[in-house]
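K.L.:
Questions regarding the structure given below will be posed in turn.
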Amino acid sequence: MDKNLEKSADLAKAPDAIEVQRERLKKAGGEYIYDCDDTGKKYVYIALGERPTGGYSIKTEVEKQENKIVVKYKEVKPAKGDMVTMVITYPEKLLIFDTEKEIEVKKIN
């Protein structure tokens, strides 16, 4: 069932399988899809990797197709002249889907 198609999730409450992949992908960046058989939910974890300052984020767009769900994402960079924290950051996002459909993740420019 495609009830609440997608919602952002608290990384602190993520399943252990997500936490393992989070450690692997946090600095390098990438995506991971976890199908939780116990709950029937699917998790999509996206990490941009290490960034030199604050101000970076991930924008997602979800497209529901007949036989799958496509999650498109892109990096949002701070605008020139924006005040940002001068600290290394690791932008990441976790989405939860209540669906039986296949999920595909695509990075867009």
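Going by the numbering used here, the sequence shown opens with residue 6, and the numbers climb by one from there.
We treat Cβ as the ideally placed atom computed from N, Cα and C, and that holds for glycine.
Determine which residues share a DSSP beta bridge with Lys64 and list them.
P.N.:
Answer by DSSP bridge pairing, in chain order: Lys79.
K.L.:
Can you tell me which residues form a DSSP beta bridge with Gly35?
P.N.:
Partner(s): Ala52.
K.L.:
Can you confirm whether Val110, when its beta carbon is compared against all beta carbons of chain B, has any partner nearer than 7 Å?
P.N.:
Going by chain labels, chain B is absent from the structure shown, which holds only one protein chain.
K.L.:
So who's on the other strand from Asp42, going by DSSP bridges?
P.N.:
Bridge partners of Asp42: none, in fact.
K.L.:
Based on the DSSP output, what are the partners of Thr104 in its beta bridges?
P.N.:
Thr104 pairs with nothing; no bridge assigned.
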